[in-house]
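Have a look at the structure below, then the notes.
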Amino acid sequence: MRLLFGTLIALTIAAGIGLGATWFAITQGTAYGGVTIGAWTAWPRVGTPGIDPYARAMVARSGELPVGSGDGVAFYARNDDDSRPLDGRCDTALEGITPQARYFTITLYDLEGKLVANAVARQGFTSQEVIRRADGTFEIAIGPRARPGNWLPTGGIERYMLVLRLYDTPIGLATRSGREAPMPMITQKACP
Amino acid sequence: MIRLLLWILGGTLLGGIVHLATVLILPTLATQDAYSRLAPIAPVNAVAPLPAPTAEAAAIPFLDPAFAMAVCRYDLTDGPIKLTVPVSPAYTSVSFYTRSEVAYYAINDRAAGRRVIELDLMTSEQRGDLPGDEEVTAADRLIVESPTLTGLILIKALAPEAGQLPAARRALASARCQLQPQP
């Protein structure tokens, strides 16, 4: 009787801890080898055969195809520079320069990786579409209301994420710091 | 009491094993991974255009809307396949994925260095079976080895401005992915 009771407890704990840890790992994004620069994080190893088991599980669950390392690298931002989650109801400025690359694209997704519906059908900018200042820097206004210049609409959704993809770039596995890869700053201002 | 603590300790250790086992096995059990999602719209060993992702519908999540894309779902059982992708004006790339979405190779137009990205995809055994004299002429042939028999090839052409998307899509329309004729 005691043996049965003990086995039951042990198995329940095992199932709870094991499945719970797996669920947590693949939903919270705990892949190894992330490169974090400012608000942005990239996992260059995910685009190579050296991808770790956690990242493989996450890719299988989300159904995406990671950017291959011979193609480019993707940086993700879910928070602003002050580590506050990105809120689609706020006016947000994305400002600065990007690392060296032949082309880049900045795209706005919801947290599941779906594009966000909006009246002007704009989901992002390419490096050629962005209007720059004389010194080569640019500012993209992200928010629910229309703005002059580079306006990236959020559709007023509560949480969103930004993906900056660099194509044909020296940034990758060997990149460690923001000096090699200057990323644009993300600042949230007026929140209702 | 000690006995109960031992049971709890045992359960925790077993939990660790369960965790590692599920993480490792999950990619093989996933039914909503990219390959499964693309299988209905992508015939085997042929290039199929991917519909442009919109807010309402996307073939797979996290697609870059600035690109025209096409996919070739390959199966090397009957022999190697030959991939031909004409280069679009802006930026073109080809990425190879195994059946479980491991990106094992990717090349862009500049690395390919020609107007057309041309390469042969085969398994290591098929490469070993190549006749010796073909290896000599293989110098200007790009050969990619697939670690699995099946997988995905994602072909992308960038439209640097939204208006260039139709042109990028047209460039991809003449991409070919087919079984190599057996000698």
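Chains as they are written, first to last, in our numbering: chain S, 906 to 1097; chain Z, 9 to 191. Built from N, CA and C at the ideal position, the CB exists for glycine as well.
Nearest candidate by alpha-carbon position, reference residue i, set the options
i, options, result
"Z/D117", "Z/Y105, Z/F70, Z/S44, Z/A179", "Z/A179"
"S/D986", "S/N1023, S/A998, S/A1046", "S/A998"
"Z/T30", "S/R966, S/P954, S/G943, S/P1004", "S/R966"
"Z/L28", "S/Y959, S/A944, S/C1096, S/G977", "S/Y959"
"S/E1063", "S/G1077, S/D996, S/W1056, S/P1075", "S/D996"
"S/T1080", "S/K1094, S/G968, S/G977, S/L991", "S/G977"
"S/F1009", "Z/A119, Z/F75, Z/P155, Z/A38", "Z/F75"
"S/E1044", "S/N1055, S/A1051, S/E1034", "S/N1055"
"Z/A181", "Z/A60, Z/A78, Z/R107", "Z/A78"
First through last residue of the alpha helix (DSSP H) which encompasses residue i
i, result
"Z/L17", "10-37"
"S/E1100", "Examination of residue 1100 of chain S is not possible in this model, given that chain S is present from 906 through 1097 alone."
"S/Y959", "958-967"
"S/L913", "907-933"
"Z/Q134", "132-136"
"Z/L180", "173-181"
"Z/Y43", "42-46"
For residue i, the residue or residues it bridges with in DSSP
i, result
"Z/P94", "Z/V124"
"S/G977", "S/Y1072"
"S/W945", "S/I942"
"Z/N116", "Z/S101"
"Z/V52", "Z/R81"
"S/P1058", "S/G1048"
"Z/Q186", "Z/K90"
"Z/E153", "Z/M130"
"Z/T62", "Z/T62 pairs with nothing; no bridge assigned."
Classification of residue i by the beta-carbon crowding that lies within 10 angstroms, buried from 16 upward
i, result
"Z/P94", "buried"
"Z/Q40", "exposed"
"S/V1025", "exposed"
"S/P1058", "buried"
"Z/R123", "exposed"
"S/Q933", "exposed"
"S/L909", "exposed"
"Z/L13", "exposed"
Contact test: residue i Cβ vs the ligand NAD heavy atom, cutoff 7 Å
i, result
"S/Q1028", "With respect to the ligand NAD, the structure offers nothing, as it holds no ligand at all."
Residue range of the beta strand (DSSP E) that includes residue i
i, result
"S/Y1014", "1008-1014"
"Z/L160", "158-166"
"S/G1029", "1029-1031"
Segment contact flag, the region 936-950 of chain S with the region 51-64 of chain Z, C-beta cutoff 8 Å, min 3 pairs: no
Sufficient close CB pairs (3 or more, under 8 Å) joining the region 165-174 of chain Z to the region 85-92 of chain Z: no
Cβ contact (3+ pairs, closer than 8 Å) linking the region 1003-1017 of chain S and the region 1076-1087 of chain S: yes
Validate contact between the region 21-39 of chain Z and the region 65-83 of chain Z using beta carbons, cut 8 Å, 3 pairs: no
At least three beta-carbon pairs within less than 8 Å, the region 917-935 of chain S to the region 12-20 of chain Z: yes
Stretch pair the region 100-115 of chain Z + the region 158-165 of chain Z: three plus CB contacts closer than 8 Å: yes
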